[in-house]
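In my numbering, the protein residues as written are 66 to 464. As structure tokens, the structure follows; a few thoughts come after it.
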Ligand code: PHB
């Protein structure tokens with residue numbers, strides 16, 4: 066049986082996000098693909114994002130992008146230098162050429178950074194508290210003789226008022242339609258939120274308000290020069306990896322994330338509604354144990370704005386039943402795709418028309434080269450790439 070054409074579903078109902086109207090609700094989610102060179106976006110990324118933006122009115126959220134070389138690793142792109150900003154601008158311009166939209170996910174890695182890389186930059190390996198995410202990270206820090214340290218208040222202020230501010234200004238200069246603050250997946254902003262990774266005794270630790278203070282201070286500062294309609298936040302409340310406990314936290318993540326959502330809604334009520342909240346569903350193994358987490362009712366009873374639901378959306382025998390239902394049930398929801406967008410440059414058209422999908426190859430998600438990056442054909446196209454050759458391609462920095 067061929068897959069269901071989704072053209073008559075809510076997936077293809079236009080939606081207002083901030084001050085833009087998207088033509089449909091299929092959104093490219095950030096995926097870490099390691100195709101930058103010298104932490105600068107490359108020609109490979111230009112083609113990759115350009116192809117995926119070719120269906121007009123698509124929202125492309127590009128990979129997580131480091132705000133500075135003080136909280137990152139050496140493999141991901143950044144947006145702290147003018148060189149990186151110029152390179153990103155070329156990708157932004159390409160996406161805009163297709164009348165599509167593009168979002169930059171601003172990223173501070175904190176304890177998930179690479180201590181060797183930081184040491185090489187003379188930057189402290191620091192996080193909310195000096196609590197390693199796992200044994201491997203501890204070992205790497207010990208070997209590098211660069212131990213994890215608790216950020217001082219001065220360093221927190223510097224991160225907000227210098228590093229995030231610089232990155233946000235660069236993203237605006239490059240022309241991004243949105244900036245999304247990466248408050249998920251165990252990275253720095255989220256490390257502040259949970260007791261397991263934040264045991265500070267100052268104004269940034271202790272109560273829920275204190276553990277949320279860094280994020281809200283950052284947001285309120287950005288709102289002084291970025292319109293709310295251009296800002297999003299990524300949240301992933303149920304992760305049980307990288308030293309996070311998910312629903313086993315001492316305070317249930319619905320409580321902590323609910324508090325943050327409530328703060329966002331209060332700002333919306335006063336005229337500063339963020340463009341979107343990206344909400345990652347619990348992974349399928351967690352959902353099996355806690356099926357009640359599949360419901361977003363708790364979110365909807367607090368946050369009234371746009372949600373980008375990152376919902377493990379699959380093919381489901383070609384009827385995409387969960388995807389169609391989620392979007393039918395909530396008129397302000399967009400659907401995020403990672404894996405299927407990797408393998409299908411023309412994913413939007415394939416879903417619209419009910420074409421079969423190319424299969425993704427997980428082995429090459431985190432890899433260099435052009436194999437399994439720009440080597441997936443559009444529907445009906447016959448292209449033959451040599452795996453051996455494409456694996457050797459090195460992306461050329463765009464600036
Ligand atoms: C990753 O590099 O594996 C990664 C980065 C950002 C995320 C999730 C995973 O949000």
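Backbone N, C-alpha and C fix where the C-beta goes; we use that ideal spot for every residue, glycine too.
With a threshold of 7 angstroms (Cβ to nearest heavy atom), would residue 161 be considered close to ligand 1? Because no heavy atom of ligand 1 lies under 7 angstroms away, the Cβ of residue 161 does not count as near it: no.
Looking at residue 129 and ligand 1, is the gap between the Cβ and the nearest heavy atom below 7 angstroms? yes
Can you tell me which of 214, 324 and 310 puts its alpha carbon nearest to the alpha carbon of residue 180? 214
Per the DSSP calculation, residue 191 is bridged to which residue(s)? 214
Could you check where the alpha helix (DSSP H) with residue 82 kicks off and where it finishes? For residue 82, there is no enclosing alpha helix (DSSP H); the enclosing beta strand (DSSP E) has its first and last residue at 80-82.
Between which residues of its own chain and residue 116 is the CB-CB distance below 6 angstroms, once the five residues before and five after are set aside? 410
Near residue 330, what residues of its chain come up, given a Cβ to Cβ distance below 7 angstroms and the 5 sequence neighbours on each side ignored? 367, 368 and 369
Leaving aside the five residues before and after residue 434 along the sequence, list all residues of the same chain whose C-beta is less than 7 angstroms from its C-beta, in chain order. 455, 456, 457 and 458
Apart from the five residues on each side of it in sequence, which residues of its chain come closer than 7 angstroms, Cβ to Cβ, to residue 194? 215, 262, 263, 264 and 265
Let me know the secondary structure DSSP gives residue 166 once reduced to three states. In this structure, residue 166 counts as strand in the three-state DSSP scheme.
Cβ shell of residue 154 (< 7 angstroms), same chain only, five flanking positions each side left out: 239 and 240
DSSP three-state call for residue 380: helix, strand or coil? coil
Spatial neighbours of residue 141 within its chain, please: CB distance less than 6 angstroms, with the 5 preceding and 5 following residues excluded, ordered by chain position. Answer for residue 141: 131, listed in chain order.
Looking at residue 321: is its Cβ nearer than 8 angstroms to the Cβ of residue 351? Their beta carbons are not under 8 angstroms apart, which means residue 321 does not touch residue 351 by this criterion.
Proximity test, residue 102 beta-carbon vs ligand 1 heavy atom, cut-off 7 angstroms: no
Mind checking who residue 103 pairs with in its DSSP beta bridge? DSSP lists no partner for residue 103.
If you measure from the CB of residue 370, is any heavy atom of ligand 1 nearer than 7 angstroms? Checking every heavy atom of ligand 1 against the Cβ of residue 370, none is found closer than 7 angstroms.
Between the C-alpha atoms of residue 431 and residue 219, what's the straight-line distance to the nearest angstrom? 35 angstroms
Please name the residue or residues paired with residue 161 in a DSSP beta bridge. None, per the DSSP bridge assignment.
Please report the residue range of the beta strand (DSSP E) in which residue 128 lies. 124-131
Per DSSP, residue 342 forms a beta bridge with which residues? According to DSSP, which records beta bridges pairwise, residue 342 is partnered with 298 and 372.
To the nearest whole angstrom, what separates the beta carbons of residue 178 and residue 137, a pair I think is in contact under 8 angstroms? 6 angstroms
At a threshold of 7 angstroms, does residue 249 count as lining ligand 1 (C-beta to nearest heavy atom)? yes
Taking C-alpha atoms, which residue in 445, 407, 66 and 453 lies nearest to residue 118? The residue with the shortest Cα to Cα distance from residue 118 is 407.
Apart from the five residues just before and just after residue 182, which ones in its own chain have a Cβ nearer than 6 angstroms to its Cβ? 138 and 139
Could you check if residue 97 belongs to the surroundings of ligand 3, using beta carbon to heavy atom distance under 7 angstroms? Absent from the structure shown: ligand 3. Ligands present: ligand 1.
Helix, strand or coil, according to DSSP, for residue 85 in the structure here? In this structure, residue 85 counts as strand in the three-state DSSP scheme.
Does the Cβ-Cβ distance between residue 173 and residue 224 come in under 8 angstroms? yes
Within the chosen definition, does the stretch 242-257 reach the stretch 276-295 through at least 3 CB pairs nearer than 8 angstroms? yes
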